[in-house]
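K.L.:
So the sequence shown is numbered by the working numbering: it starts at 86 and just counts up by one.
Idealized CB from N, CA, C, for every residue including glycine.
Keep in mind that this is a model prediction, so the values were computed, not measured.
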Amino acid sequence: MKSAIHYIIILALVLGAFFLYNKQIGAIPLLLLSVYLFYLGIKKMRNIKNSN
């Protein structure tokens, strides 16, 4: 269930970037996507670090 939510969020941000690109504000969803992926990476690294 959690992975489905992650996929939906990522898909929504990519689609937002695609549609807003023509209005020259496509960088906003891409910035949000990079922040979200950075958060997921940090969360996964903490889980790996705590499991050792």
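1. So residue 93 is in the alpha helix (DSSP H); what residue range does that whole segment cover?
2. Name the residue from 130, 108, 133 and 100 whose alpha carbon lies nearest to the alpha carbon of residue 117.
3. Rounded to whole angstroms, what's the CA-CA distance from residue 102 to residue 89? Just pull it up for me.
4. What number of angstroms, rounded off, separates the C-alpha of residue 104 from the C-alpha of residue 133?
P.N.:
Taking the structure as given:
1. 87-105
2. 100
3. 20 Å
4. Roughly 36 Å separates the two Cα atoms.
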